[in-house]
Structure formats: C-alpha cells, structure tokens
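Chemist: Structure below; questions to follow.
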Amino acid sequence: MLESRLEQADLLKKVVEAISGLVNDCNFDCNDSGIALQAMDNSHVALVSMMLKAEAFSPYRCDRNIALGINLSSLTKVLRAAQSSDILTLKAEDAPDVVNLVFESSEKDRISEYDLKLMDIDQEHLGIPETEYAASISMPSNEFQRICKDLMNISESVSIECTKEGVKFAAAGDIGTGSVTLKQHSNVDKPEQSVEIDLSEPVALSFSLKYLVNFTKATSLASKVKLSLSNEVPLLVEYELSGGNSSYLRFYLAPKIGD
Amino acid sequence: SSNQRSISSFFTPK
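Right under this line is the structure:
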C-alpha cells in the first residue's frame, strides 16, 4: 500500500496546476523511491516528467509498484479543498480503485478527507536518453516567464541562441521583432537572481512559445529554472522541487525546424 | 512558417 505525507499541500497543488494545461489524464507511478509521472501532451510535442522523491515526504511508505491513474481536472477539484499550508496525506491500497486524500490543518484541528476515483490509463513510457547538453542556462524562473510572455506578443515562436556572449531569445512576427539577451552574471547577495551559462558549443534552436508559456505555470514552484539545449534535440526546462532532495518537474519540448 | 517536430521522434518507447 501507499501512504505518503506531504508537509505542504501547496507543493502538489502547484505541480498539478503546472501540468494540467498540457495533460488531461496520467498515471502517478508510486514505488519505494517515490512518486513519478511521465506524460506527453495531446499533440505529442511536449513531455512532462515529474519525480517526487520519497525524501520529499515524511513519512513515505510504498511497498509495491502502484499506478494511480488520475484525471487531472478531477484532482484539481479535490485539491481546491486543501489550504496551501495543510498537511496532505495520499493513501492507496495495492490494486486501488480510489486514492484517498486527507488534508489536515495543524492550527485548526480540521481534517478533510476525499476519495478520488481512479482510471485505467494505458500509458506509453518514453525512454529519455542521458544527454550531455551543449548549453545549459540557469536563470530566475520569473525572468524566464516574463521573456516568454513578452515575446509571445510578437510571435508564436522564439529562437534561443546561446553563445559565449550570452543567451538571446528572439521573436519575429507581423508587427515587428523583439529580443532579450541575458549575459552571465552572479548576484552574491541574491543568488536566485544570478544567470549562469554553461556552454560547450554554440546552440540555436526555435520553439513554440505557446508550450514554453505553459511550462512557466511552474514558476512559483522554484526561484530558478534551468534550460538545457543541444542542436537538434528537445529543450529541457527544469524546476527543482522541495529543495535539495533531487525532486524535479521537467518539461521537454521538441524543436521547430525550417523557416 | 516552420515545422513543429514531434517529441516521440526523439524519445522512443521503453
């Protein structure tokens, strides 16, 4: 059986909010190392991959592999009943028909309990190869969100060009063109404001802004975002979850080709 | 305009 307790319901609320624009139904795969999720969006352009390590919970118990097939809009409805600071416990039997969610307020002696019906989801798992990316950029997550939203006013696609000079996000549309260039800089007082660029060779790729803007719904989960690029492979957009236990929310986006 | 690639053309089923 599964029994996992999260100190802050907010984490799950935000993860579900961040992915529900891309994915309708998906399996939450639970085993002794934690809860994982992998799903393609409906148009098979993007892939979401989440890992919530057992260490993110206290306690965490899952002795068998259990797949919780969940409709995300139904889960969103249930999670609306959880206050952000509630303690959230997920429970399921070994071959479950439902997942049980309990929200506890430590201040108010209130316990809310919901059973969410599960569904059978026959989901294809994709193997994601280990990639040595040609460029990786770590930057403030809110800045990435801002850039994507601003450039979406100009065009439906953005080119991301990374050289030793910096990283340039550029868009060209009917009304004109726009670009934002970021150079590497460190902010000693506010490290979350730093921009770090790790480059082994120059990269230039184009992506659909609609998907990138969708990914940035995860902005409130982490102060930093990491973009990893290599020519001719999908972009990786990564948010760290719940600090320091290597839990993550990753989005992969296939590039656009031609012009 | 440019062509959108599919993610499954990069990542193969396990």
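Going down the list, the sequences are from chains A and B. For the first sequence, position 225 (counting from the first letter as 1) is numbered 225 according to my numbering, and the numbering increases by one without interruption. For the second sequence, position 6 (counting from the first letter as 1) is numbered 6 according to my numbering, and the numbering increases by one without interruption. Idealized CB from N, CA, C, for every residue including glycine.
Taking Ala46/A as the query, report the chain B residues whose CB atoms sit under 8 angstroms from its CB, ordered along the chain.
Modeler: Here residue 46/A is taken as the residue at index 46 of the first sequence, counted from 1. Neighbours of Ala46/A on chain B, chain order: Ile7.
Chemist: For Leu221/A, which three-state DSSP category applies?
Modeler: Here the question's residue 221/A lines up with position 221 in the first sequence. Here Leu221/A sits in helix by DSSP.
Chemist: Please list, in chain order, the residues of the segment 95-126 of chain A that have any C-beta partner in chain B closer than 8 angstroms.
Modeler: Residues passing the 8 angstroms Cβ filter: Glu124, His125, Leu126.
Chemist: Does DSSP put Lys14/A in a helix, a strand or coil?
Modeler: The residue you call residue 14/A lines up with position 14 of the first sequence. Helix, per DSSP.
Chemist: Using a Cβ-Cβ distance cut-off of 8 angstroms, determine whether Tyr252/A contacts chain B.
Modeler: Mapped onto the first sequence, residue 252/A falls at position 252. Judged by the 8 angstroms Cβ criterion, Tyr252/A is in contact with chain B.
Chemist: Please confirm whether Ala39/A and Phe251/A have their CB atoms less than 8 angstroms apart.
Modeler: As a working note, residue 39/A is residue 39 in the first sequence. As a working note, residue 251/A is residue 251 in the first sequence. No, these two residues do not count as a Cβ contact at 8 angstroms.
Chemist: For Val102/A, name the three-state secondary structure that DSSP assigns.
Modeler: By one-based count along the first sequence, residue 102/A stands at place 102. Strand, per DSSP.
Chemist: Please identify, using Cβ separations under 8 angstroms, the residues of the segment 224-237 of chain A that lie next to chain B, in order along the chain.
Modeler: Residues Val233, Pro234.
Chemist: Report the three-state DSSP secondary structure of Met152/A (helix, strand or coil).
Modeler: Your numbering for residue 152/A matches position 152 in the first sequence. Helix at Met152/A.
Chemist: Between the segment 21-46 of chain A and chain B, which residues of the former have CB atoms less than 7 angstroms from a CB of the latter, in chain order?
Modeler: Against chain B - using a Cβ distance shorter than 7 angstroms - the residues of the segment 21-46 of chain A are Met40, His44, Val45, Ala46.
Chemist: Assess, as a yes-or-no matter, whether the segment 131-150 of chain A is touched by the segment 197-208 of chain A under the definition of 3 or more beta carbon pairs within less than 8 angstroms.
Modeler: Yes, the segment 197-208 of chain A touches the segment 131-150 of chain A.
Chemist: On the three-state DSSP scale, how would you describe Gln193/A?
Modeler: For the purposes of this step, residue 193/A is taken as the residue at position 193 of the first sequence. Of the three classes helix, strand and coil, the one that applies to Gln193/A here is helix, per DSSP.
Chemist: Would you mind telling me which residues of chain B sit closer than 7 angstroms to Ile128/A, beta carbon to beta carbon, in chain order?
Modeler: As a first step, residue 128/A must be located in the first sequence, where it is residue number 128. Within 7 angstroms Cβ-Cβ: Phe11.
Chemist: Does the distance from the CB of Ser208/A to the CB of Gln4/B come in under 8 angstroms?
Modeler: For the purposes of this step, residue 208/A is identified with residue 208 of the first sequence, where counting begins at 1. For the purposes of this step, residue 4/B is identified with residue 4 of the second sequence, where counting begins at 1. The answer is yes: Cβ separation under 8 angstroms.
Chemist: Can you pull the chain B neighbours of Pro255/A, defined as C-beta to C-beta under 7 angstroms?
Modeler: Position 255 of the first sequence, counted from the first residue, corresponds to residue 255/A. Near Pro255/A (Cβ distances below 7 angstroms), the residues of chain B are Arg5.
Chemist: Counting only beta-carbon separations shorter than 8 angstroms, does Ser208/A have a partner in chain B?
Modeler: Numbered from its first residue, the first sequence carries residue 208/A at position 208. For Ser208/A, the answer is yes, since a Cβ of chain B falls inside 8 angstroms of its Cβ.
Chemist: Can you check whether the C-beta of His185/A is within less than 8 angstroms of a C-beta belonging to chain D?
Modeler: Absence of chain D from the displayed structure is noted, the protein chains being A and B.
Chemist: Using only CA atoms, which one of Asp120/A, Leu52/A, Ser20/A lies nearest to Ser74/A?
Modeler: What you label residue 74/A is simply residue 74 of the first sequence in a count that begins at 1. Per the Cα distances, Ser20/A.
Chemist: How many Å lie between Ile87/A and Arg5/A at the Cα?
Modeler: Along the first sequence, read from residue 1 onward, the residue named residue 87/A stands at position 87. Along the first sequence, read from residue 1 onward, the residue named residue 5/A stands at position 5. Cα-Cα distance, rounded: 7 angstroms.
Chemist: DSSP three-state label for Ala46/A, please.
Modeler: The sequence position of residue 46/A within the first sequence is 46, counting from 1. Looking at Ala46/A - three-state DSSP - the assignment turns out to be strand.
Chemist: In this structure, does DSSP put Glu238/A in helix, strand or coil?
Modeler: In the first sequence, residue 238/A corresponds to position 238, counting from 1. The answer is strand: DSSP assigns Glu238/A an E or B state.
Chemist: Name the DSSP beta bridge partners of Ile87/A, please?
Modeler: If you number the first sequence from 1, residue 87/A lands on position 87. DSSP lists Glu104/A as partners of Ile87/A.
Chemist: Cβ atoms of Ala67/A and Asp29/A: under 8 angstroms apart, would you say?
Modeler: As a working mapping, residue 29/A is identified with position 29 in the first sequence. As a working mapping, residue 67/A is identified with position 67 in the first sequence. Contact flag set, yes.
Chemist: Please look up how many angstroms separate the CB atoms of Leu253/A and Val15/A, rounded, as I've assumed it's under 8 angstroms.
Modeler: Here residue 253/A refers to the residue found at position 253 of the first sequence. Here residue 15/A refers to the residue found at position 15 of the first sequence. With 8 angstroms as the limit, Leu253/A and Val15/A do not qualify as a contact, their Cβ atoms being about 18 angstroms apart.
Chemist: Give me, in chain order, the residues of the same chain whose beta-carbon lies closer than 8 angstroms to that of Leu72/A; leave out the 5 immediate sequence neighbours on both sides.
Modeler: Stepping through the first sequence from its first residue, residue 72/A is reached at position 72. Contacts found: Val16, Ile19, Ser20, Val23, Asn24, Asp25, Cys26.
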